Structure formats: structure tokens, C-alpha cells
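Below is one structure, written out as C-alpha cells; comments come after it.
Chains as they are written, first to last, in the UniProt record's numbering: chain A, 1 to 82; chain B, 1 to 82.
Dropping the structure here:
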């Protein structure tokens, strides 16, 4: 059993309005040491078994469904799951 | 400069409707080896500097703002940022 952890974040050149809003809320709460906040999405995909084309499939799933390649980038790591 | 990476996910006991919908979409796309999908949120908090109470503050920020403790759990890791 394989667990693929996918992190999708906005490209650096894209304005992260959500992150800005969260940063402002955190600062208003009194935590003024937080200098910057970025928000993204996190996915866990479970595969019953490892197979040769798994990374190719994960790339395709990210490009076609999980991330918008125009404004977002993604990275993932593959872990063993119990 | 410290970078805190926060992962917020639904508790195992809570139905992950988004994850189910994404799994169904992935399977419809022809990737039938994906057995399960969970969706969560991902945050990056930048701190200008390390300080003693940083972990306490991150816990408070997660509990009060980033995660809903009733239905979500969070974990975070602290990394050095350039």
C-alpha cells in the first residue's frame, strides 16, 4: 500500500489573496511575528499497490485534476502506508 | 527565518465528501488503481526569527484559526527558510 502526499500551491507570481487575509487575521489576533502566510491544498492518494507507471499517473492526475497548471504548482512524495 | 508547514486534515471519523468526490473523478478518468483520496489544507507560515514560544503560538494559531478542532486535526513541521 502506497500513500502519495500531494501539495498544491499557487505559483510565486500569483497573488495569494487567501494567504494575505489569513496573515492579517493572525496579526490581528496578536501574533505579530508571523511575516507571511501562503495557503495551498493537500491531498493524500492511496494506491493498493506500487506499479511501474505510478509516478506517471500521479503527474497526470495532478495536471488534469488536482492542480491548475496555469497558476499552481505541485509536488508530491510517495510513502509506504500500512 | 523559519518556515512552518501546517497540514490540516479531517479527523478519520468525519466523512470526507470532497475526498470521495475526487476519488470518483480520478477513477472515472481511468486511474482505477487509486483506492482512496483525502483532501486537506496546507499552510506555510513564515516567521522572521525563531523564538522560544513559537511552537506555542503555532499551536494557538492552528487551534483558533487554521483548523476546526471539532472535526479537523493538524500537524506541522518547522524548517529553516532562506
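Don't be surprised by glycine CBs; every beta carbon is placed ideally from N, CA and C. Since the structure is predicted, the reported quantities are computational estimates derived from the model, not experimental observations.
- Comparing alpha carbon positions, the residue from 81(B), 58(B), 30(B) closest to residue 64(A) is 30(B).
- Within the same chain, 19, 22, 23, 26 come within 7 Å of residue 37(A) by CB-CB distance, once the 5 residues on both sides are set aside.
- Per DSSP, reduced to three states, the secondary structure at residue 63(A) is helical.
- The residue among 3(A), 14(A), 80(A), 7(A) with its C-alpha nearest the C-alpha of residue 66(A) is 7(A).
- Under the three-state reduction of DSSP output, residue 58(A) falls in the helix class.
- Using a Cβ-Cβ cut-off of 7 Å, residue 59(A) is close to nothing in chain B; its nearest Cβ partner there is about 11 Å away.
- Separation of the CB atoms of residue 48(A) and residue 35(B) is rounded to 5 Å, and the pair is thereby assigned contact status at 8 Å.
- Rounded to whole angstroms, the gap between the alpha carbons of residue 81(B) and residue 44(A) is 25 Å.
- The Cβ atoms of residue 61(A) and residue 10(A) lie no closer than 9 Å to each other.
- Across the structure, residue 12(B) and residue 69(A) are spaced so that their CA atoms are roughly 30 Å apart.
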